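Colleague: Have a look at the structure that comes next, please.
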Amino acid sequence: MIEFRKVTRNIGAEVTGVDLREALDAERIQVIRTGLLDHGVLFFRDQHITDEQHVAFARQFGTANLPPMDTSGSPVHVLDQTDPKGEGGDQWHSDNTFMRTPPMGSLLRAVILPEVGGDTQWANMYLVYESLAPWLRRLCDELYAEHDLTMSVTKAIDKGHRMDLRELQEKNPPVVHPVVRVHPETGRKALYVNRSSVTRLIGLSRRENEAILPLLFDAVRDPQFQVRLNWRVGTLAFWDNRPTQHYAVADYTERRKMHRVTINAPESIDDGVPKGPNGVTGADAPAEPNAARYL
462 MIEFRKVTRN IGAEVTGVDL REALDAERIQ VIRTGLLDHG VLFFRDQHIT DEQHVAFARQ
522 FGTANLPPMD TSGSPVHVLD QTDPKGEGGD QWHSDNTFMR TPPMGSLLRA VILPEVGGDT
582 QWANMYLVYE SLAPWLRRLC DELYAEHDLT MSVTKAIDKG HRMDLRELQE KNPPVVHPVV
642 RVHPETGRKA LYVNRSSVTR LIGLSRRENE AILPLLFDAV RDPQFQVRLN WRVGTLAFWD
702 NRPTQHYAVA DYTERRKMHR VTINAPESID DGVPKGPNGV TGADAPAEPN AARYL
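Position 15 (the sequence shown) corresponds to 476 in the numbering used here; numbering is contiguous.
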């Protein structure tokens, strides 16, 4: 029987009673899906699986979402690092929110680990939103933010990764999403801004952005909203990218190799377009005065 043991009160659970090498029936898929909605991130220990088994497990919950920066064409994205500080994972973020339809979730598996360090943290963005003052929540409900891949790609280039920034920008122009995202399955509101991708709040002046945006970015930092995973080889983490953010702790200098499969939800459940209160999308953002972003 599949069981969930909470790791913290507010986010994260360890899952027992399932072997990821085996295909799941519809009932067990639904049990895991419900557990993901309840806990935000699930941890499966001692799952020594192949890449093929990893992909097969992921595909029971959605279709592969290929990151724009990965040109391998494989659904398995390899993260092989020894000097990760400053590469982008070591700040709070949701994956690829610069896409029109960001991924629903990711399944990350530990293959090689340093002797010490390399933990990952996740945060519950429902509770981050709910922690804001009522007046600030009302303001956020009406705001939209611009998401851009430039910051993430620039960091990768600065660390020596070979990427064509201009080509990636042309293929992935900035997109606009609501600042508050309503989860399509739970109906709950989550704060949906992160330092990796968000460049500005639409329709606000530069001074207003300088005052409000850092406040929203930093709300995620309260430990009461977080869980921290100490990896072991064979651990797999499966998180819902819509109401969570995560942070890869860059405190190691030995090799850390992780394999990740990123997925979109079945379209019958979620079409992938982030929606705010009353079903608004980035397309509903107000037109801006020409001077708005500069004043």
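For each residue, glycine too, the CB sits at the ideal point set by N, CA and C.
Treat the numbers as computed from the prediction; the structure is a model and nothing was measured.
(1) Spatial neighbours of Ile-510 within its chain, please: C-beta separation below 6 Å, excluding the five flanking residues on both sides.
(2) What residue ranges within the stretch 581-668 form continuous beta strand (DSSP E) runs of no fewer than 3 residues, ordered along the chain?
(3) What is the DSSP secondary structure of Ile-724, reduced to helix, strand or coil?
(4) Looking only at its own chain, which residues have a Cβ that is under 8 Å from the Cβ of Asp-499, when we skip the five neighbours before and after it?
(5) If you count every other CB in all the chains shown that lies within 10 Å of the CB of Asp-745, and 16 or more means buried, which is it?
(6) With DSSP collapsed to three states, give me the class of Asp-679.
(7) Spell out the partners DSSP gives His-457 in its beta bridges.
(8) For a test of the three-state rule: what should DSSP assign to Gln-685, helix, strand or coil?
(9) Touch check for the stretch 667-681 and the stretch 586-593: three-plus C-beta pairs under 8 Å?
(10) Alpha carbon to alpha carbon, how far is Ala-709 from Ser-555?
(11) Assuming Ser-658 and Leu-610 are in contact, meaning their beta carbons sit under 8 Å apart, how far apart are those beta carbons, in whole angstroms?
(12) With 16 other CB atoms within 10 Å as the buried threshold, where does Ala-571 fall?
(13) Are Thr-467 and Ile-573 closer than 7 Å when you measure CB to CB?
(14) Take Gly-737 as the anchor and find which of Val-637, Gly-534, Phe-686, Gln-630 has the nearest alpha-carbon.
(15) Thr-477 lies in the beta strand (DSSP E); which residues open and close that run?
(16) Does the count of Cβ pairs from the stretch 511-518 and the stretch 548-562 closer than 8 Å reach three?
(17) Kindly identify the DSSP beta-bridge partner or partners of Phe-467.
(18) Please confirm whether Gly-566 and Asp-701 have their CB atoms less than 7 Å apart.
(19) To which residues of the same chain is Thr-714 closer than 7 Å at the C-beta, ignoring the five residues directly before and after it?
(20) Pull up the DSSP beta-bridge partners for Gln-491, would you.
(21) Pull up the distance between the alpha-carbon of Met-560 and that of Pro-634, whole angstroms please.
(22) Please state the DSSP three-state secondary structure of Leu-674.
(23) Going by DSSP, which residues form a beta bridge with Arg-717?
(24) By Cβ distance, which residues of its chain are closer than 6 Å to Gly-695, with the 5 residues on each side in sequence left out?
(25) Pick out whichever of Leu-697, Pro-735, Glu-646, Thr-647 has its Cα sitting closest to the Cα of Tyr-653.
(26) Looking at Asn-655: is its Cβ nearer than 7 Å to the Cβ of Leu-662?
Modeller: So, from the data block:
(1) Leu-481, Arg-482
(2) 581-585, 605-608, 636-639, 641-643, 650-652, 659-662
(3) strand
(4) Phe-465, Ala-474
(5) exposed
(6) helix
(7) In this structure the chain extends from 462 to 756, so residue 457 is not present and cannot be described.
(8) helix
(9) yes
(10) 12 Å
(11) 7 Å
(12) buried
(13) The sequence given here has Lys at residue 467, not Thr. Contact flag unset, no.
(14) Val-637
(15) 474-477
(16) no
(17) Residue identity check: residue 467 is Lys in the sequence provided, not Phe. The partner list for Lys-467 (beta bridge, DSSP) reads Ala-474.
(18) yes
(19) Thr-543, Asp-544
(20) None; Gln-491 has no bridge partner.
(21) 9 Å
(22) helix
(23) Gln-542
(24) Asp-507, Gln-508, His-509
(25) Pro-735
(26) no
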